[in-house]
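In the numbering used here, the protein residues as written are 166 to 563.
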């Protein structure tokens, strides 16, 4: 790559690299390493990493502290990152992740640094936030719309939300899916499980992830295979207790807590008969993509975000009764269930490629570095008073 085409690209607003947490961190690692391989200077702002390398997979890493309090940890780190950028060489493009970080965009604009803001999901719908937290997220969305040069949506439903609520365009850039062609089995046998011999849930225990409905529906079913539930509730002890109460006394239900060994987690995804996905407020969910990449059939909560990703190739549920129906349907015809798994793996392989995602980030970085911006038309955008409801995807299967 010639120096004239080489961009300095900053990535701000997450825990950074190495990726050890959620979808943002994985996206930064997968996209950043590819952009670095293409000759770009990629700078990732990181917090909390035990590894203090100045470089990781070709990316420059800037380690800055954060205030370790739930409500302000991300904001404090992003604020320091923005201040650090103000006194460094101006990046050609800056990607800020999470609409909650939008208050710091003016600092970057003062530096005349082009900024694209990844809006994430509909955070204000999450139960873990009280009235003030929800109000903040709604305000931050609007402030970000008014301040950024470009907005990134990771699903058509999120793009539709910003089009409806603010009449602004977004860049649709999804995540990539890890493809597990070689099915790992390490650890599954130690957990007294067999390939295609259990159903799997991987989720934080939060109401919008519908773990309680899944456990309740499974308990009411006549399923023969066990239900393995991976996850915990960092902010909701009461919700966890309710899940435990429903599961109590049913030996088929195994609440195993968090699994932080990625190889073991991949083995659990790859060897399950089905993956039950209850997430409802995000866009393109990394846990769903991981199950698809593992070739595991999906029973998903019936919202457009999940139907879009699966292209309708799954079973869907809206309540506990439908969970029971779909689990029984999957067990009654293992061959058809395996075929659904193969179908969604092919979707993951062809439509959710990290190389394609990196192409889209690179193209967006190039455009905003050359002056492309929505700011003049979006600077006075206001939230519409009418409620937004996601448009249900047309495709469906039973």
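Yeah, the Cβ is synthetic: ideal placement off N, Cα and C, and Gly gets one too.
key: Beta-carbon proximity list for residue 189, same chain, < 6 Å, skipping 5 on both sides   = Along the chain shown, read from residue 1 onward, the residue named residue 189 stands at position 24. Within the same chain, residue 189 has close Cβ partners 179 and 262.
request  = Look up residue 337 in the DSSP assignment and say whether it is helix, strand or coil.
outcome  = Counted from its first residue, the chain shown places residue 337 at position 172. Strand.
key: Any 3 or more C-beta pairs closer than 8 Å across the region 537–545 and the region 302–313   = As far as the Cβ criterion goes, the region 537–545 touches the region 302–313, which means the pair count is three or higher.
request  = Count the other CB atoms, across all protein chains shown, that sit within 10 Å of the CB of residue 507; report buried if there are 16 or more and exposed otherwise.
outcome  = As a working mapping, residue 507 is identified with position 342 in the chain shown. By the neighbour-count criterion, in which 16 or more other beta carbons inside 10 Å mark a residue as buried, residue 507 falls on the exposed side.
ask   = When the distance is taken between beta carbons, is residue 248 closer than 8 Å to residue 265?
value = Here residue 265 refers to the residue found at position 100 when the chain shown is read from its first residue. Here residue 248 refers to the residue found at position 83 when the chain shown is read from its first residue. Cβ distance not < 8 Å, so residue 265 and residue 248 don't count as in contact.
ask   = Do residue 250 and residue 175 have their C-beta atoms closer together than 8 Å?
value = Counting from one through the chain shown, the residue named residue 250 turns up at place 85. Counting from one through the chain shown, the residue named residue 175 turns up at place 10. The beta carbons of residue 250 and residue 175 sit closer together than 8 Å.
Best match in 236, 214, 308 and 317 for proximity to residue 259 [C-alpha to C-alpha] = Start at 1 with the first residue of the chain shown, and residue 259 comes out as number 94. When only C-alpha atoms are compared, the closest one is 317.
ask   = So what does residue 211 bridge to, in DSSP terms?
value = Residue numbering aside, residue 211 sits at position 46 when the chain shown is read from its first letter. DSSP lists 228 as the beta-bridge partner residues of residue 211.
query = In three-state terms, what does DSSP make of residue 189?
reply = Translated into the one-based positions of the chain shown, residue 189 becomes position 24. For residue 189, the secondary structure class from DSSP, reduced to helix, strand or coil, is helix.
key: Continuous alpha helix (DSSP H) stretch holding residue 176: start and end   = If you number the chain shown from 1, residue 176 lands on position 11. Premise fails: residue 176 lies in the beta strand (DSSP E), 173–177, not in any alpha helix (DSSP H).
query = What runs of the beta strand (DSSP E), each 3 residues or longer, lie entirely inside the region 239–308?
reply = Those beta strand (DSSP E) runs which fall completely within the region 239–308 and span 3+ residues are 258–262 and 280–283.
message = Taking 7 Å as the limit between beta carbons, can you name the residues of its chain near residue 426, skipping five residues before and five after?
response = The count along the chain shown starts at 1 and reaches residue 426 at position 261. Excluding sequence neighbours, residue 426 sits near nothing in its chain.
query = Got a sec: is the Cβ-Cβ distance from residue 387 to anything in chain D below 8 Å?
reply = Here chain D cannot be found, since the structure has a single protein chain.
Spatially closest choice to residue 437 from 364, 377 and 548, by CA coordinates = Taking the chain shown and counting its residues from 1, the one referred to as residue 437 is at position 272. For the residues 364, 377 and 548, the minimum Cα distance to residue 437 belongs to 364.
key: Contact check, residue 285 vs residue 378, beta carbons under 8 Å   = Numbered from its first residue, the chain shown carries residue 285 at position 120. Numbered from its first residue, the chain shown carries residue 378 at position 213. In this structure, residue 285 sits away from residue 378, with a CB-CB distance that is not shorter than 8 Å.
request  = Put residue 398 into one of helix, strand or coil per three-state DSSP.
outcome  = Indexing the chain shown from 1 puts residue 398 at position 233. In the three-state reduction of the DSSP assignment, residue 398 falls in the coil class, being assigned neither a helical nor a strand state.
inquiry  = Nearest by alpha-carbon distance to residue 513: which of 452, 410, 218 and 545 is it?
reply    = Start at 1 with the first residue of the chain shown, and residue 513 comes out as number 348. When 452, 410, 218 and 545 are compared, the shortest CA-CA separation from residue 513 is found for 452.
ask   = What are the boundary residues of the alpha helix (DSSP H) that includes residue 440?
value = Locating residue 440 in the chain shown gives position 275, where the first residue counts as 1. Per DSSP, residue 440 belongs to no alpha helix (DSSP H); it is in the beta strand (DSSP E), 439–442.
key: Reference residue 412, options 267, 182, 424 and 391, closest by Cα   = By 1-based counting over the chain shown, the position of residue 412 is 247. Looking at the Cα atoms, 391 is the closest of the given residues.
request  = Below 6 Å CB to CB, which residues in the same chain sit around residue 563 once its five sequence neighbours on both sides are set aside?
outcome  = Taking the chain shown and counting its residues from 1, one reaches residue 563 at position 398. Note that residue 563 scores a pLDDT of 40, beneath 50, so its modelled location is shaky and nothing firm can be said.
ask   = Taking all protein chains shown into account, do 16 or more other C-beta atoms lie within 10 angstroms of the C-beta of residue 275, making it buried, or fewer, making it exposed?
value = The count along the chain shown starts at 1 and reaches residue 275 at position 110. Residue 275 counts as exposed, since fewer than 16 other C-beta atoms from the protein chains shown sit within 10 angstroms of its C-beta.
ask   = Leaving out the 5 sequence neighbours to the left and right, which residues in its chain are closer than 6 Å to residue 324 when beta-carbon positions are compared?
value = Here residue 324 refers to the residue found at position 159 when the chain shown is read from its first residue. Contacts found: 318, 335 and 337.
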